[in-house]
Amino acid sequence: DWSQAVLAEHLNVSRQTVNAIEKGRYDPSLPLAFKIARLFGQSIEDIFEDEA
Numbered sequence: 473d474w475s476q477a478v479l480a481e482h483l484n485v486s487r488q489t490v491n492a493i494e495k496g497r498y499d500p501s502l503p504l505a506f507k508i509a510r511l512f513g514q515s516i517e518d519i520f521e522d523e524a
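Every number in the numbering used here is 472 more than the matching position in the sequence shown, counting from 1.
Structure, rendered in structure tokens:
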């Protein structure tokens with residue numbers, strides 16, 4: 473398990489940004505979404521659900 477602070481450091485964003493993404497209050501930019509997916513070795517579709 474990674475802390476929000478460690479994840480934020482790897483993504484070069486604030487811990488608050490990671491928290492907002494986790495809670496669904498913020499949709500990351502496409503480049504940030506790709507960074508998150510690569511970091512976890514997953515596809516964007518596996519990490520982010522389309523709520524439309």
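For each residue, glycine too, the CB sits at the ideal point set by N, CA and C.
Nothing here was measured: the structure is a model prediction, and the numbers come from that model.
Check	Outcome
By Cβ distance, which residues of its chain are closer than 6 Å to V490, with the 5 residues on each side in sequence left out?	Q476, L479, A480
So, for R487: in the same chain, excluding its five sequence neighbours on each side, which residues have a beta-carbon less than 6 Å away from its beta-carbon?	Q476, A477, A480
With a threshold of 16 other CB atoms inside 10 Å of the CB of I439, please say whether the residue is buried or exposed.	An answer regarding residue 439 cannot be provided, because it is not within the stretch 473 to 524 covered by the chain.
Give me the Cα-Cα distance between L502 and D473, rounded to the nearest whole angstrom.	24 Å
Tell me the DSSP secondary structure of P503 in three-state form.	helix
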